[in-house]
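Participant:
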Amino acid sequence: MLACLFLLFATVSNAQNAKGTNSIFARENLIAWCIVPYDVKNRTPAERSEMLNKLGITMLAYDWREKHVPEFDTELDELEKHHIALQAFWLYSGPNPENDKNLDIIIDLLKRHQVKTQIWCMVAGIEDIDSMTQEEKVKVHAKAIAYIADKAAEIGCSVGLYNHGGWYGEPENQLEIIRYLKKPNIGIVYNFHHAEEQIDRFPEFFPRIVPHLMALNLAGLKKGNPVKVVPIGEGDAEPKMMQIVKNSKYHGPIGIINEDTAPDAEEGLTVNINGLKKVLKQMNEKEALKTYQ
């Protein structure tokens, strides 16, 4: 029953998933990510939606900074006007989210607009974490996540644990948090652009996170010391990782990012879409490629 309920939450706003093709890499299944603060043109909500329409991207995961808070309502209005689904809303919080004013703002915003979406959540700022046992680390993170998940559930939303380095960013630890809490609206958002230290383990842990996977964001990964994050198609690790994703039971959305790709968000998304097409040719994903013509 929990797994079925989770699937309902995990596929929020995902009716567009791979129209006309079975490939998760189809254009219709792409989410734009990291395009709000990572945009030298500082586009307005209207300009951002117009850009996504131009690129044929129908979903947005909303990354923001404090200066964008006054624009929240306008952003959602413009997305609706331009027929773009709000696939996710970013939240960076701490060990006591009950004191996080931005969480209250986001929950109220989504409730007023009657938007059911995913909250991509990172929890940081936990003191003395290095001195804690594994069990203590799980519990202290779980306490914060439980509060956020309960608030999200009240308005029909789900919470994705977002890998961004550190203990919290390890998939195995996220799985422990999920198992500890046993809440149906908690899953995982996996990011290639924060997977530098996880490349070699990817074939091992990825099948384990698939039942909980809400979204997967692509990037290029070039092996070395250190591993470099590059545009899709310019690395030597992401094609194999994408093949593993293709062969798995994952059927959710695929994120295209602009973090550190180009100053202009439109240019960065275009670079990564072209790189994705390059990898899809290598993978012989003919059906997916048709959606980019």
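Under mature numbering (1 follows the signal peptide of the UniProt record, and there is no 0), the residues of the sequence shown are numbered -15 to -1, 1 to 278, in order.
Glycine included, every Cβ here is placed at the ideal spot set by N, Cα and C.
1) Checking 8 Å against the spacing of the C-beta atoms, do residue 264 and residue 224 come in under that value?
2) Would you kindly work out how many angstroms separate the C-alpha atoms of residue 261 and residue 23, rounded to a whole number?
3) Please report the residue range of the beta strand (DSSP E) in which residue 207 lies.
4) Taking all protein chains shown into account, decide if residue 12 is buried (16 or more other Cβ within 10 angstroms of its Cβ) or exposed.
5) DSSP beta-bridge partners for residue 143?
6) I'd like to check one pair, residue 238 with residue 16: are the Cβ atoms closer than 8 Å?
7) Which term fits residue 168, buried or exposed, when burial requires 16 or more other beta carbons within 10 angstroms of its beta carbon?
8) Have a look at 271, 59, 252, 172 and flag the residue whose alpha-carbon is nearest the alpha-carbon of residue 40.
9) Below 8 Å CB to CB, which residues in the same chain sit around residue 278 once its five sequence neighbours on both sides are set aside?
10) Taking residue 110 as the reference, give the member of 234, 119, 78 with the closest Cα.
11) Pop quiz: residue 188 and residue 129 are said to be a contact at Cβ under 8 Å. What is the actual Cβ separation, rounded to whole angstroms?
12) If distances are taken between C-alpha atoms only, which option among 163, 37, 101, 147 comes closest to residue 180?
13) Alpha carbon to alpha carbon, how far is residue 183 from residue 155? Give it in angstroms, no decimals.
Facilitator: In this structure, then:
1) yes
2) So the two alpha carbons sit approximately 20 Å from each other.
3) 205 to 207
4) Counting the other CB atoms within 10 Å of its CB gives residue 12 a total of 16 or more, which places it among the buried residues.
5) 103
6) yes
7) buried
8) 252
9) Residues of the same chain with their beta carbon placed closer than 8 Å to that of residue 278 are lacking, with the five preceding and five following residues left out of the count.
10) 78
11) About 31 Å separates the two Cβ atoms, so there is no contact after all.
12) 147
13) 8 Å
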